[in-house]
Amino acid sequence: MKHARVLFTGAGPLNGQELDVTVEDSFATTGQLTLKTDGQLINESDVIWLSPIKEPGTIFALGLNYADHARELAFEPPKEPLVFLKGVNTLTGHKQNVYRPDNIKFQHYECELVAVIGKEGKNISREEAMDYIAGYTVCNDFAIRDYLENYYRPNLRVKSRDSLLPIGPWVIDKEDVGDISNLRVTTHVNGELTQDGTTADIIFDVPFLVEYLSKIMTLKPGDMIATGTPEGLKDMQPGDKVVCEIEKIGALETYIVSEQEFYGDNY
Amino acid sequence: MTNNPIVKGKLVCVALNDASQFEAMQAEFNEAPYKSAPTQPVLYFKPHNTWSTEGATVEWAMSEGQAAESMVVGASLAVVFGKECCRVSQEEALSYVGGYSLVHDFSLPELTYYRPDIKGKCLDGSAPIGSVVVPASDVADPQTLTVVTQVNGQTVSEMPVSNMVRSVAELISTISYIMTLQPGDVIAVGFPGQRAPIKQGDKVSSAIAGVIELNNVAGRA
Chain A
17 MKHARVLFTG AGPLNGQELD VTVEDSFATT GQLTLKTDGQ LINESDVIWL SPIKEPGTIF
77 ALGLNYADHA RELAFEPPKE PLVFLKGVNT LTGHKQNVYR PDNIKFQHYE CELVAVIGKE
137 GKNISREEAM DYIAGYTVCN DFAIRDYLEN YYRPNLRVKS RDSLLPIGPW VIDKEDVGDI
197 SNLRVTTHVN GELTQDGTTA DIIFDVPFLV EYLSKIMTLK PGDMIATGTP EGLKDMQPGD
257 KVVCEIEKIG ALETYIVSEQ EFYGDNY
Chain B
621 MTNNPIVKGK LVCVALNDAS QFEAMQAEFN EAPYKSAPTQ PVLYFKPHNT WSTEGATVEW
681 AMSEGQAAES MVVGASLAVV FGKECCRVSQ EEALSYVGGY SLVHDFSLPE LTYYRPDIKG
741 KCLDGSAPIG SVVVPASDVA DPQTLTVVTQ VNGQTVSEMP VSNMVRSVAE LISTISYIMT
801 LQPGDVIAVG FPGQRAPIKQ GDKVSSAIAG VIELNNVAGR A
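Top line first, the protein sequences correspond to chains A and B.
The numbering used here applies: residue 17 is where the first sequence begins, and numbers increase by one.
The numbering used here applies: residue 621 is where the second sequence begins, and numbers increase by one.
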């Protein structure tokens, strides 16, 4: 089952409400989503996609977690996971705008498999780890490379900016995906394939990360672990459309706009 | 652990904002792995599993089944947002503050500032916040406040907010251009550079004289 959240913008009593929906196989042909409450069908054209996690917890992201990407950035693959946290202000939904800050040279996407925690736990063993995963989604962990400094690197200025973590379109149940150890990970920018990797290149896998993080702290439902990205990074510009796709999970579409367009009156 | 009712969405802490620490580390900043001094506020999150309260006992850190040899604590003025704060100037920054409280940051010793310190800073319950939020209208100027911390009744640090590299208003402005702050978000604006070492069972008490106090106990492994 695929679980999503949308804001209804169509006519009628649902207008302005945030809705929990499921995305059935029929969606591909009908463009209709199914309300969880009563099975009513609503058109995708009447909704804004939201982050699929209703109560987001801690957002963990992995740096340099694909062997090829570490080489791309001229780093030795890490011996211990490089984990950083992202603020909830970064989350945004499928088919939404994210912004490129003014006067920067390099902003890039990072297509990542996200494991969503479904059960609270501490000191979880690698063997038990998958029992704590509810499902998976896709995120695009944008980074502003200009802002890297060697303090808590990658710092919040690089990674925790508003809207720069599109996620979704949905969370798909773990059981519907099965083995995640060799899924194709791709990014298309304006239709051109720019990133093409496989989760088989992940250095620290999901069970390892659950064990590692839960030794440090209690994991809770709604926590997310973004597992890093393969090589193939490219600068983004306003007007670009970027699609991050992971086999069996979904394709997440994002539009780049200028800082002024994004913030409007707050610019 | 006890979730804190004050923090709603984000608890952002500012490291290396003690001017005397910043000055003392100048030579180190120019060496590897830093190679140059920070040009921007050095920020880290304390995630939701860390949020705790006045009076709470803070779990002692464990590593590989063993009690950590040492922990440290610092206290900071906590700025609690009262309304949404997005891209504001220094001049208007303080008008977004709903009130002030205190935060304790319990952690493993700070050995390096190079990588995000998940192991050291994300321990369960390690960020208690005072149960009282003093309304911003009662604090004419947060720069005049001093945070005093005692361990078992002995004063271990006095941190005047005026000794910070960046003022409260400057931090709010800078951070609000990185991330929109929501009501109930909190910024811990600065900790004494020398965090106080603690042992299991120590009582940690911080106060801003006549305004706010925060009391916690370091747990036992």
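Backbone N, C-alpha and C define an ideal beta-carbon position, used for all residues, glycine too.
Which of the three DSSP states is assigned to residue i in this structure?
| i | result |
| --- | --- |
| Y664/B | strand |
| G750/B | coil |
| T62/A | The amino acid at residue 62/A is misidentified as Thr; the sequence shows Asp. D62/A: helix per DSSP, three-state reduction. |
| D281/A | helix |
| Q641/B | helix |
| D84/A | helix |
| M146/A | helix |
| P612/B | Here chain B comprises residues numbered 621 to 841, so residue 612/B is not present and cannot be evaluated. |
| V788/B | helix |
| N105/A | helix |
| A713/B | helix |
| V22/A | strand |
| Y5/A | The question about residue 5/A has no answer here: the residues shown for chain A are numbered 17 through 283. |
| A27/A | coil |
| T677/B | strand |
| S757/B | helix |
List the residues that DSSP assigns as beta-bridge partners of residue i.
| i | result |
| --- | --- |
| E227/A | Beta-bridge pairing links E227/A to no other residue. |
| I828/B | V767/B, I832/B |
| H204/A | L209/A, V259/A |
| P653/B | BP columns for P653/B are empty, so no partner. |
| W671/B | A747/B |
| K823/B | V837/B |
| Q112/A | T270/A |
| M240/A | I75/A, V132/A |
| A695/B | H724/B |
| L51/A | V37/A |
| D251/A | H124/A |
| P817/B | V692/B |
Please report the distance separating the alpha-carbon of residue i from that of residue j.
| i | j | result |
| --- | --- | --- |
| I807/B | E40/A | 42 angstroms |
| V824/B | V767/B | 13 angstroms |
| G813/B | S640/B | 7 angstroms |
| L834/B | E674/B | 6 angstroms |
| V753/B | G719/B | 5 angstroms |
| I160/A | K121/A | 8 angstroms |
| G32/A | L51/A | 15 angstroms |
| A687/B | R142/A | 22 angstroms |
| A83/A | I219/A | 6 angstroms |
| A20/A | P68/A | 5 angstroms |
| V831/B | P755/B | 10 angstroms |
| T622/B | I262/A | Residue confidence is low: T622/B scores 48 on pLDDT, short of 50, so the model does not pin down where it sits. Its coordinate-derived value is still stated next. Roughly 37 angstroms separates the two Cα atoms. |
| T74/A | S757/B | 32 angstroms |
| A77/A | V132/A | 12 angstroms |
| L714/B | V700/B | 11 angstroms |
| S826/B | Y279/A | 39 angstroms |
| A816/B | M784/B | 18 angstroms |
| A267/A | A760/B | 51 angstroms |
| A657/B | I64/A | 43 angstroms |
| L199/A | V104/A | 27 angstroms |
| I792/B | E191/A | 44 angstroms |
| V205/A | Q56/A | 35 angstroms |
| M252/A | N119/A | 13 angstroms |
| C633/B | P661/B | 10 angstroms |
| S721/B | V809/B | 11 angstroms |
Assuming residue i and residue j form a contact by the criterion Cβ under 8 angstroms, report the distance between their Cβ atoms to the nearest whole angstrom.
| i | j | result |
| --- | --- | --- |
| L180/A | T106/A | 5 angstroms |
| T670/B | L765/B | Rounded, the Cβ-Cβ distance is 23 angstroms, inconsistent with contact. |
| G238/A | E71/A | 5 angstroms |
| A242/A | E128/A | 4 angstroms |
| F811/B | D725/B | 6 angstroms |
| G134/A | T153/A | The pair is not a contact, with the Cβ atoms about 12 angstroms apart (cut-off 8 angstroms). |
| H254/A | R116/A | Note that residue 254/A corresponds to Pro in the displayed sequence, not to His. P254/A to R116/A, Cβ: 6 angstroms. Contact. |
| S672/B | A747/B | 6 angstroms |
| V678/B | G745/B | 5 angstroms |
| K138/A | S42/A | Not a contact, Cβ separation roughly 41 angstroms. |
Where does residue i land, buried or exposed, given buried means 16+ other C-beta within 10 angstroms?
| i | result |
| --- | --- |
| E208/A | exposed |
| T659/B | exposed |
| K95/A | exposed |
| L731/B | exposed |
| E874/B | Shown here, chain B extends from 621 to 841; a query on residue 874/B therefore has no answer. |
| K655/B | exposed |
| Y734/B | exposed |
| N282/A | exposed |
| R840/B | exposed |
| K819/B | exposed |
| K703/B | exposed |
| S796/B | buried |
Along chain C, which residues have their Cβ under 7 angstroms away from the Cβ of residue i?
| i | result |
| --- | --- |
| Y720/B | Absent from the structure: chain C. Protein chains present are A and B. |
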